[in-house]
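Trainee: Below: one structure in structure tokens.
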Amino acid sequence: MARLRLDGVSVVFPLYHASARSMRRFALQGAFGRRIALDSRHPSVTALSEVSLSLSDGDRLALVGPNGAGKTTLLRTAAGIFPPASGRVTRIGRTTPLLGIGTGVNLGATGLENIFLIGMHLDIPPARLKAAVDEIVAWTGLGPFIGAPLRTYSAGMIVRLAFAVSTAFPPDILLMDEWVGLGDAGFRIKAYERMAAFVNGARIVLLASHHREMLEAWCNRALLLDEGRVAADGPLAPILDRAMPREAGP
Amino acid sequence: MDRMDGNEGAAAGGWRGARADLAGGLGRAFMWTSLGWLDVRQRYSGSVLGSLWLTANMVLMVGCLTLIFAVPLGSRPGPYAAYVTIGLVLWSFIQTTAAEAPAAFVNAAEPLRQCVLPASLHVFRLLWRNLIVLAHSAVLVPIVLLIFGIRPAASAWTAAPAFLLLVLALFFAVLLLALLGARFRDVSQIVTNGLQLLFFATPVFWLPAALPHGRLWLLRPNPLFAFLDIVRAPLLGGAPAAASWPIAAGTTLALAVAASAAYAAWRQRIVYWI
Chain G
51 MARLRLDGVS
61 VVFPLYHASA
71 RSMRRFALQG
81 AFGRRIALDS
91 RHPSVTALSE
101 VSLSLSDGDR
111 LALVGPNGAG
121 KTTLLRTAAG
131 IFPPASGRVT
141 RIGRTTPLLG
151 IGTGVNLGAT
161 GLENIFLIGM
171 HLDIPPARLK
181 AAVDEIVAWT
191 GLGPFIGAPL
201 RTYSAGMIVR
211 LAFAVSTAFP
221 PDILLMDEWV
231 GLGDAGFRIK
241 AYERMAAFVN
251 GARIVLLASH
261 HREMLEAWCN
271 RALLLDEGRV
281 AADGPLAPIL
291 DRAMPREAGP
Chain A
2 MDRMDGNEGA
12 AAGGWRGARA
22 DLAGGLGRAF
32 MWTSLGWLDV
42 RQRYSGSVLG
52 SLWLTANMVL
62 MVGCLTLIFA
72 VPLGSRPGPY
82 AAYVTIGLVL
92 WSFIQTTAAE
102 APAAFVNAAE
112 PLRQCVLPAS
122 LHVFRLLWRN
132 LIVLAHSAVL
142 VPIVLLIFGI
152 RPAASAWTAA
162 PAFLLLVLAL
172 FFAVLLLALL
182 GARFRDVSQI
192 VTNGLQLLFF
202 ATPVFWLPAA
212 LPHGRLWLLR
222 PNPLFAFLDI
232 VRAPLLGGAP
242 AAASWPIAAG
252 TTLALAVAAS
262 AAYAAWRQRI
272 VYWI
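Residue numbers (this note's numbering), protein chains in the order written: chain G, 51 to 300; chain A, 2 to 275.
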């Protein structure tokens, strides 16, 4: 059984030398409003404050909120990338954060080598990677290009490769940031099927997104973040209505 | 804090977390050897000589230094060439490793912020990359010894453990410098400048015998001389100075303690610094 719990988790970013640069100070004040403490001796931004949540098998949580609300920070904290300033994070189960597509890609290496590079950065053991290579190569449909360096690829081909590797190994706990611009239309349909198998293969899913259709398709719960605090946590529809009201249609 | 997620204990702070991180990093040898190779390959991709430039560069350096300095320093060209080859091979290994160290975490900002992996991976990767570079120039050592007919001493095997001690000391030095470099961006400049000075203050291309009588103590506080000495002397048929092994071992121990303590204290801050 997989489990993910956050108990009163706060995350504080130190701002080194922030007070020395008035331009940056001004910009930060705008972005973070009152959460920023610049006048103290150690200027800092509180990115998450007192966030609690508890997820277990079958939970698919939609993470919503305006830009800068702390969605990605929450994913990183849940993954263990940001150690919290206070509070506790408990994870039971293999956790994979997918925060950008293709962390670890190297343009000088071949497609095949990049399968291993991306896989290693997802912390997939080499034996599992080797076993999955054929399936990944076949799915990308890159054919002979798989042996060519990535710098000869189009942007769409790189996305296809990175996507195929990223979605080949469903973890117990999946922490995912918005996936956007997935190649051409044909690829998007193909990608959707693979994504469904991947997401359904995970026991717990946290998905941060601004796309209502996507969240409605994948999630069964929602958490609304506002300025780093939990503004609402509960059933999907009412929270989505609050976070992203449908535009008045025809 | 963490259980059963394949990265056990790594999310914990303090000594336990630092130990789990170092063990986890070491255990992912597949990753840091691949990335290290890729770094070297990429640096020389597209060039005709490729990584053999490293070897060619060393040949040129040794040739020039021997032509210019062998006689003025009161040595014969053969032994001097062997002396300076081993000295330069080791020095360039130490120098590039230490100079790259402060950027180890800074350059890995993306994986450190996106992936759940031990940070020490990036230290192993840096060291591996530099070991590969070292291998390209180290092939010259046996060649030069053969050409000039220099017979290593019976104790030549001690160069091997001496070299391993150097690698161990460098590992802890890189760990420490990588942490400091992540927090204070001036560390990189300080290390580069310091190494430049140390190159002249350490008998890499000059012989300790060139120092005026009674000034040999000048070399004592320089641990780099001790490391050079324990590797180089037995290969050249001599014996290292009596103090060299204790100084090298003591330096390694001090670096190990300092780096481990710093890593235990600040490892979890890295991601906030980069």
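All residues carry an ideal CB built from backbone N, CA and C; glycine is no exception. Keep in mind the model is a prediction, meaning the values are calculated, not measured.
Evaluate E101 (chain A) with the Cβ neighbour count: other Cβ atoms within 10 Å of its Cβ, from every protein chain shown; 16 or more gives buried, anything less gives exposed.
Mentor: Position 100 of the second sequence, counted from the first residue, corresponds to residue 101 (chain A). Under this definition E101 (chain A) is a buried residue.
Trainee: Counting beta carbon pairs with one atom in the region 81 to 98 of chain A and one in the region 252 to 262 of chain A, are three or more of them shorter than 8 Å?
Mentor: In short, these stretches do not touch, since the Cβ pair count stays below three.
Trainee: Give me the Cα-Cα distance between R141 (chain G) and M226 (chain G), rounded to the nearest whole angstrom.
Mentor: Sequence index remark: in the first sequence, residue 141 (chain G) carries index 91 (1-based). Sequence index remark: in the first sequence, residue 226 (chain G) carries index 176 (1-based). C-alpha separation (whole angstroms): 16 Å.
Trainee: Could you have a look at L286 (chain G) and say whether DSSP puts it in helix, strand or coil?
Mentor: By 1-based counting over the first sequence, the position of residue 286 (chain G) is 236. L286 (chain G) falls in the helix class under three-state DSSP.
Trainee: For a cutoff of 8 Å on Cβ pairs, would you count L149 (chain G) as touching chain A?
Mentor: For the purposes of this step, residue 149 (chain G) is taken as the residue at position 99 of the first sequence. Answer yes: the Cβ-Cβ gap between L149 (chain G) and chain A drops below 8 Å somewhere.
Trainee: Counting C-beta neighbours from all protein chains within 10 Å, is the total for W33 (chain A) 16 or more, i.e. buried, or is it exposed?
Mentor: Your numbering for residue 33 (chain A) matches position 32 in the second sequence. Classification of W33 (chain A): buried, given that the 10 Å Cβ count is 16 or more.
Trainee: Locate the alpha helix (DSSP H) running through T203 (chain A), then write down its first and last residues.
Mentor: As a position in the second sequence, residue 203 (chain A) is number 202, starting the count at 1. Neither: T203 (chain A) is in no alpha helix (DSSP H) and is coded neither H nor E.
Trainee: According to DSSP, which residues form a beta bridge with I223 (chain G)?
Mentor: Within the first sequence, numbered from 1, the residue matching residue 223 (chain G) stands at position 173. Partner(s): G:T145 and G:I254.
Trainee: Need the endpoints of the alpha helix (DSSP H) that E228 (chain G) sits in, please.
Mentor: Numbered from 1 along the first sequence, position 178 holds the residue referred to as residue 228 (chain G). Note, E228 (chain G): premise wrong, no alpha helix (DSSP H); not H, not E.
Trainee: If you run the structure through DSSP and keep just helix, strand and coil, what is F63 (chain G)?
Mentor: Translated into positions along the first sequence, residue 63 (chain G) becomes position 13. Correct three-state label for F63 (chain G): strand.
Trainee: Check the Cβ-Cβ distances between E111 (chain A) and every residue of chain G, and say whether any is below 8 Å.
Mentor: The residue you call residue 111 (chain A) lines up with position 110 of the second sequence. Interface residue, yes.
Trainee: Quick check: is the beta carbon of M170 (chain G) nearer than 8 Å to any beta carbon in chain A?
Mentor: Counting from 1 along the first sequence, the entry for residue 170 (chain G) is found at position 120. For M170 (chain G), the answer is yes, since a Cβ of chain A falls inside 8 Å of its Cβ.
Trainee: Bridge partners for A112 (chain G) per DSSP, in chain order?
Mentor: On the first sequence, position 62 is the one that residue 112 (chain G) refers to. According to DSSP, which records beta bridges pairwise, A112 (chain G) is partnered with G:L257 and G:A272.
Trainee: Starting from Y273 (chain A), find everything on chain G with Cβ-Cβ shorter than 7 Å and list it in chain order.
Mentor: By one-based count along the second sequence, residue 273 (chain A) stands at place 272. Result: F63 and P64.
Trainee: What three-state label does DSSP hand R216 (chain A) in the structure shown?
Mentor: Within the second sequence, residue 216 (chain A) is the residue found at index 215, counting from 1. Residue state, collapsed to three classes: coil.
Trainee: Taking A161 (chain A) as part of the alpha helix (DSSP H), name the residues at either end of that continuous run.
Mentor: Taking the first residue of the second sequence as 1, we reach residue 161 (chain A) at position 160. First-last of the alpha helix (DSSP H) with A161 (chain A): A160 to R184.
Trainee: Whole angstroms are fine: how far does the CA of R244 (chain G) sit from the CA of I271 (chain A)?
Mentor: The sequence position of residue 271 (chain A) within the second sequence is 270, counting from 1. The sequence position of residue 244 (chain G) within the first sequence is 194, counting from 1. Approximately 35 Å, taken between the alpha carbons.
Trainee: With the cut-off set at 8 Å, would you say G143 (chain G) and V59 (chain G) are in Cβ contact?
Mentor: Here the question's residue 143 (chain G) lines up with position 93 in the first sequence. Here the question's residue 59 (chain G) lines up with position 9 in the first sequence. Their beta carbons are not under 8 Å apart, which means G143 (chain G) does not touch V59 (chain G) by this criterion.
Trainee: Taking C-beta pairs closer than 7 Å, name the residues in chain G that Q43 (chain A) reaches, listed in chain order.
Mentor: In the second sequence, counting from the first residue as 1, residue 43 (chain A) sits at position 42. In chain order: G158.
Trainee: Using a beta-carbon distance below 8 Å, is T145 (chain G) in contact with chain A?
Mentor: As a working note, residue 145 (chain G) is residue 95 in the first sequence. So yes, T145 (chain G) belongs to the interface.
Trainee: Report the residue from G:P221, G:F195, G:A188 and G:E163 whose alpha carbon sits nearest the alpha carbon of A172 (chain G).
Mentor: By one-based count along the first sequence, residue 172 (chain G) stands at place 122. In the sequence as presented, Ala is not what sits at residue 172 (chain G); that position holds Leu. Nearest option by C-alpha distance: G:P221.
Trainee: Suppose you measure from the CA of L282 (chain A) to the CA of L274 (chain G); what does that come to, to the nearest Å?
Mentor: The first residue shown for chain A is 2 and the last is 275, placing residue 282 (chain A) beyond what the model contains.
Trainee: Work out the CA separation of G25 (chain A) and A163 (chain A) for me, nearest whole Å.
Mentor: Numbered from its first residue, the second sequence carries residue 163 (chain A) at position 162. Numbered from its first residue, the second sequence carries residue 25 (chain A) at position 24. Approximately 26 Å, taken between the alpha carbons.
Trainee: Can you find a CB in chain G that lies within less than 8 Å of the CB of M32 (chain A)?
Mentor: Stepping through the second sequence from its first residue, residue 32 (chain A) is reached at position 31. With 8 Å as the cut-off, M32 (chain A) counts as an interface residue toward chain G.
Trainee: Is the beta carbon of S106 (chain G) sitting closer than 8 Å to the one on I254 (chain G)?
Mentor: Within the first sequence, the letter at position 56 stands for residue 106 (chain G). Within the first sequence, the letter at position 204 stands for residue 254 (chain G). It is a contact, given that the beta carbons lie within the stated cut-off.
Trainee: Between Y45 (chain A) and S52 (chain A), is the Cβ-Cβ spacing less than 8 Å?
Mentor: As a working mapping, residue 45 (chain A) is identified with position 44 in the second sequence. As a working mapping, residue 52 (chain A) is identified with position 51 in the second sequence. Cβ atoms of Y45 (chain A) and S52 (chain A): closer than 8 Å.
Trainee: For A282 (chain G), which residues of its own chain have a beta-carbon under 6 Å away from its beta-carbon, when the five flanking residues on both sides are left out?
Mentor: As a position in the first sequence, residue 282 (chain G) is number 232, starting the count at 1. Here the set comprises L274 and I289.
Trainee: Which residue marks the beginning of the alpha helix (DSSP H) containing L192 (chain G), and which one marks its end?
Mentor: For the purposes of this step, residue 192 (chain G) is taken as residue 142 along the first sequence, with counting starting at 1. Careful: L192 (chain G) lies outside any alpha helix (DSSP H) and carries neither H nor E.
Trainee: With DSSP as the reference, please indicate the residues paired to L54 (chain G) in a beta bridge.
Mentor: Here residue 54 (chain G) is taken as the residue at index 4 of the first sequence, counted from 1. DSSP lists G:L105 and G:R141 as partners of L54 (chain G).
Trainee: What is the DSSP secondary structure of V95 (chain G), counted as helix, strand or coil?
Mentor: Taking the first residue of the first sequence as position 1, residue 95 (chain G) is located at position 45. Of the three classes helix, strand and coil, the one that applies to V95 (chain G) here is strand, per DSSP.
Trainee: Give the DSSP bridge partners of V280 (chain G), in chain order.
Mentor: Translated into positions along the first sequence, residue 280 (chain G) becomes position 230. DSSP output for V280 (chain G) lists G:L275 as bridge partner(s).
Trainee: Cutting at 6 Å between CB atoms, please list the residues of its own chain near A182 (chain G), excluding the five before and the five after it.
Mentor: On the first sequence, residue 182 (chain G) is found 132 positions in, with the first residue counted as 1. These residues qualify, in order along the chain: A218.
Trainee: Look at the Cβ atom of G18 (chain A), then the Cβ atom of R268 (chain A), and state whether they are nearer than 8 Å.
Mentor: Along the second sequence, read from residue 1 onward, the residue named residue 18 (chain A) stands at position 17. Along the second sequence, read from residue 1 onward, the residue named residue 268 (chain A) stands at position 267. Cβ atoms of G18 (chain A) and R268 (chain A): closer than 8 Å.
Trainee: For chain A, is any of its Cβ atoms less than 8 Å away from the one on P93 (chain G)?
Mentor: Reading the first sequence from its first residue, position 43 is the one you call residue 93 (chain G). No, P93 (chain G) does not count as interfacial toward chain A.
Trainee: Is there a C-beta anywhere in chain A that falls below 8 Å from the one on F166 (chain G)?
Mentor: Numbered from its first residue, the first sequence carries residue 166 (chain G) at position 116. Yes, F166 (chain G) lies at the interface with chain A (some Cβ there is under 8 Å from its Cβ).
Trainee: In angstroms, rounded to a whole number, what distance separates the CA positions of T96 (chain G) and A267 (chain G)?
Mentor: Translated into positions along the first sequence, residue 96 (chain G) becomes position 46. Translated into positions along the first sequence, residue 267 (chain G) becomes position 217. Looking at the two C-alpha atoms, the distance is approximately 32 Å.
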